[in-house]
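Residue numbers (UniProt numbering): 1 to 180.
For glycine and all other residues, C-beta sits at the position ideal for the given N, C-alpha and C.
It should be emphasised that the depicted structure is a prediction, and the values quoted were computed from it without experimental measurement.
Here the structure is laid out as structure tokens; the discussion comes afterwards.
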Amino acid sequence: MREEEREGEDKEMTEGKIKKKKGRNRKNGKKERTRGERREKKNKKRKEGKREKKKRKEKREGEEAHVKKEEKKTEVKRKEERKRKESRAGSDEETRRREEREEEKEERKKRKKRRKAEKKRGVKRRKRKRKGEREGKEGEKEKSEKGRIEERTRRKETRHSRGVVRTKEKEKEVNGIKNK
Numbered sequence: 001m002r003e004e005e006r007e008g009e010d011k012e013m014t015e016g017k018i019k020k021k022k023g024r025n026r027k028n029g030k031k032e033r034t035r036g037e038r039r040e041k042k043n044k045k046r047k048e049g050k051r052e053k054k055k056r057k058e059k060r061e062g063e064e065a066h067v068k069k070e071e072k073k074t075e076v077k078r079k080e081e082r083k084r085k086e087s088r089a090g091s092d093e094e095t096r097r098r099e100e101r102e103e104e105k106e107e108r109k110k111r112k113k114r115r116k117a118e119k120k121r122g123v124k125r126r127k128r129k130r131k132g133e134r135e136g137k138e139g140e141k142e143k144s145e146k147g148r149i150e151e152r153t154r155r156k157e158t159r160h161s162r163g164v165v166r167t168k169e170k171e172k173e174v175n176g177i178k179n180k
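Structure, rendered in structure tokens:
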């Protein structure tokens with residue numbers, strides 16, 4: 001009896017071991033992971049992400065520092081050039097002319113940059129221009145007082161979405177109180 005029980009227990013043990021060895025999900029055949037393994041993987045990914053983020057930050061800061069260094073170098077060069085020019089030039093007029101030329105060059109560059117920016121904002125500018133033309137047409141027939149009041153109320157209706165405000169403004173305008 002005891003031997004049979006032992007054999008039965010051994011069989012159960014081996015079956016359990018086989019199941020553990022398999023340890024696969026029936027649906028997609030992937031190996032099932034324990035909770036600890038999953039946590040380890042997540043922590044690992046998090047750490048890698050942090051490392052990458054840190055690297056990116058360092059790289060960005062390095063680039064900014066590089067730009068600052070270049071700016072400093074250019075400033076130093078400019079100062080040195082000015083000193084050289086002053087020492088070279090015999091008269092003040094020559095230095096003044098050179099400085100004026102440099103300033104003009106810088107102004108041209110600035111204008112160029114401004115033009116580029118204006119091109120980007122060109123649509124808005126055109127709209128504003130059109131609006132100005134509409135409002136500033138001279139030689140237009142003078143509208144009657146009634147017509148002007150109606151136009152004002154119409155404009156204010158578009159500005160205010162609440163009906164109460166509209167009615168109050170209309171009443172004020174009709175009564176002759178100018179509202180700015």
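Since residue 32 is in the alpha helix (DSSP H), which residue starts that stretch and which ends it? To locate residue 32, count along the sequence shown from 1; it is residue 32. Element bounds for residue 32: n/a, residue is neither H nor E.
When DSSP labels each residue in this structure, what does residue 121 get in the three-state scheme? As a working mapping, residue 121 is identified with position 121 in the sequence shown. Coil, per DSSP.
Alpha carbon to alpha carbon, how far is residue 98 from residue 116? Give it in angstroms, no decimals. Residue mapping note: residue 116 aligns to position 116 of the sequence shown, counting from 1. Residue mapping note: residue 98 aligns to position 98 of the sequence shown, counting from 1. About 27 Å.
Quick one: Cα of residue 60 to Cα of residue 71, how far? One-based indexing of the sequence shown puts residue 60 at position 60. One-based indexing of the sequence shown puts residue 71 at position 71. About 17 Å.
Alpha-carbon spacing of residue 149 relative to residue 100, whole angstroms: The residue labelled residue 149 in the question sits at position 149 within the sequence shown. The residue labelled residue 100 in the question sits at position 100 within the sequence shown. Straight-line Cα distance between these residues: approximately 56 Å.
Leaving out five residues on either side along the sequence, give the residues of the same chain with a beta carbon under 7 Å from the beta carbon of residue 43. Position 43 of the sequence shown, counted from the first residue, corresponds to residue 43. For residue 43, where only same-chain residues beyond five positions count, there are no Cβ hits under 7 Å.
What does a CB cutoff of less than 7 Å around residue 57 pick up in its chain, not counting 5 residues either side in sequence? By 1-based counting over the sequence shown, the position of residue 57 is 57. Nothing meets the Cβ criterion.
I'd like the ranges of any alpha helix (DSSP H) spanning at least 4 consecutive residues and lying wholly in the region 38 to 112. none
Quick check: the Cα distance between residue 38 and residue 51, rounded to an integer number of angstroms? The residue labelled residue 38 in the question sits at position 38 within the sequence shown. The residue labelled residue 51 in the question sits at position 51 within the sequence shown. For residue 38 and residue 51, the distance between alpha carbons rounds to 20 Å.
Cβ of residue 86 within 9 Å of Cβ of residue 95? Locating residue 86 in the sequence shown gives position 86, counting from the first residue. Locating residue 95 in the sequence shown gives position 95, counting from the first residue. For residue 86 and residue 95, yes; Cβs fall inside 9 Å.
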